[in-house]
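Worksheet: the structure to be examined is printed underneath.
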Amino acid sequence: MDATTVTRAPVLILLGPPGAGKGTQARKLEDKYGLVQLSTGDLLRAGVAQGSEAGKQAKAVMEAGQLVSDEIVIAILRDRIAEPDCANGVILDGFPRTTVQAEALDALLAESGQKIDAAISLEVDDAAMVDRISGRYTCAGCGEGYHDTFKTPKQAGVCDTCGGSEMKRRADDKAETVASRLEAYHAQTAPLIGYYEGKGALSRIDAMGKIEEIAAGLGAIVEKATG
Numbered sequence: 001m002d003a004t005t006v007t008r009a010p011v012l013i014l015l016g017p018p019g020a021g022k023g024t025q026a027r028k029l030e031d032k033y034g035l036v037q038l039s040t041g042d043l044l045r046a047g048v049a050q051g052s053e054a055g056k057q058a059k060a061v062m063e064a065g066q067l068v069s070d071e072i073v074i075a076i077l078r079d080r081i082a083e084p085d086c087a088n089g090v091i092l093d094g095f096p097r098t099t100v101q102a103e104a105l106d107a108l109l110a111e112s113g114q115k116i117d118a119a120i121s122l123e124v125d126d127a128a129m130v131d132r133i134s135g136r137y138t139c140a141g142c143g144e145g146y147h148d149t150f151k152t153p154k155q156a157g158v159c160d161t162c163g164g165s166e167m168k169r170r171a172d173d174k175a176e177t178v179a180s181r182l183e184a185y186h187a188q189t190a191p192l193i194g195y196y197e198g199k200g201a202l203s204r205i206d207a208m209g210k211i212e213e214i215a216a217g218l219g220a221i222v223e224k225a226t227g
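Structure, rendered in structure tokens:
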């Protein structure tokens with residue numbers, strides 16, 4: 001399958017905890033199949049920028065420091081997927097987060113004869129993910145990325161790229177923070193996995209392997225779901 005042979009715009013959902021590689025894999029699917037990745041943040045920003053009725057509502061809510069309702073997000077998504085660049089299909093990342101949102105999304109897609117073709121869960125080993133993420137750091141000067149185990153500078157404490165000696169770590173990358181985020185993800189996503197499994201739309205991918213191997217597995221799922 002390629003972007004020119006899709007007869008019905010597929011709708012895919014990527015599920016996976018922070019650090020599982022959703023962004024990397026979504027970009028690969030965009031490039032190969034002409035799909036468009038839509039995250040909740042991107043949707044809200046686009047809606048606000050376009051000044052649609054739903055966008056104006058979202059802007060007012062966000063400026064008040066409140067959470068945007070499911071109804072507003074669905075209204076913005078309805079407008080977004082109707083745009084020409086989504087004609088080949090979309091990848092949803094970060095939405096839905098609850099079964100209530102999933103049901104609302106099903107209803108929205110049914111309006112245009114669409115459905116969720118595949119909800120793909122990027123499966124990770126929690127302990128390995130804590131090691132993978134908590135070991136990351138970057139050069140404060142040029143932003144080059146390093147890892148305590150997998151990618152260390154040739155000379156300890158000195159950036160290979162710019163020669164800088166100041167390194168920094170993100171607060172979100174601390175082991176305790178990563179473990180907490182993983183726990184929250186599993187608690188939040190478990191009902192969704194059950195929801196899509198019950199509909200026969202769930203696929204699982206081992207996301208601890210090489211990027212290209214994961215991409216190949218995802219490609220096979222996309223082609224099977226939309227072929």
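Under my numbering, the residues of the sequence shown are numbered 1 to 227, in order.
No residue lacks a Cβ here, since even glycine has one placed at the ideal position from N, Cα and C.
Residue(s) in a DSSP beta bridge with residue i
i    : result
T138 : G145 and K168
A119 : I13 and L202
V36  : V90
V158 : Q155
Exposed unless 16 or more other CB atoms sit within 10 angstroms - verdict on residue i
i    : result
G145 : exposed
P84  : exposed
A82  : exposed
K28  : buried
Selection from the options that minimises the alpha carbon distance to residue i
i    : options                   : result
G212 : G16, A9, A26 and S69      : Strictly speaking, residue 212 in this sequence is Glu, with Gly absent from that position. Checking every option, the nearest Cα to that of E212 belongs to A26.
V158 : C142, I74 and Q188        : C142
G249 : S180, T149, D172 and K224 : No answer is possible for residue 249: the residues shown for the chain start at 1 and end at 227.
A244 : G163, E103, G94 and V124  : As shown, the chain starts at 1 and ends at 227. That puts residue 244 outside it, with no answer to give.
D206 : C139, L122, D172 and R80  : L122
A75  : G65, M208, A58 and Q66    : A58
G19  : A156, A220 and D131       : D131
Q114 : G219, P10, R97 and I221   : P10
Contact belief for residue i with residue j at Cβ below 8 Å, rounded distance in angstroms
i    : j    : result
Q101 : D70  : 5 Å
I116 : L109 : 7 Å
L35  : V90  : 6 Å
A54  : I72  : 5 Å
D93  : S39  : 5 Å
CA-to-CA distance, residue j to residue i, given in whole angstroms
i    : j    : result
D42  : T161 : 32 Å
R45  : S203 : 30 Å
P191 : E183 : 14 Å
D106 : M167 : 46 Å
T99  : K154 : 48 Å
K199 : E103 : 12 Å
T7   : A216 : With a pLDDT of 46 at T7, under the threshold of 50, the predicted position of this residue should be treated as unreliable, though the coordinate-derived value follows. Roughly 22 Å separates the two Cα atoms.
Check: residue i C-beta below 7 Å from any heavy atom of the ligand FAD
i    : result
I205 : Among the components of this structure there are no ligands whatsoever, and the ligand FAD is therefore not found.
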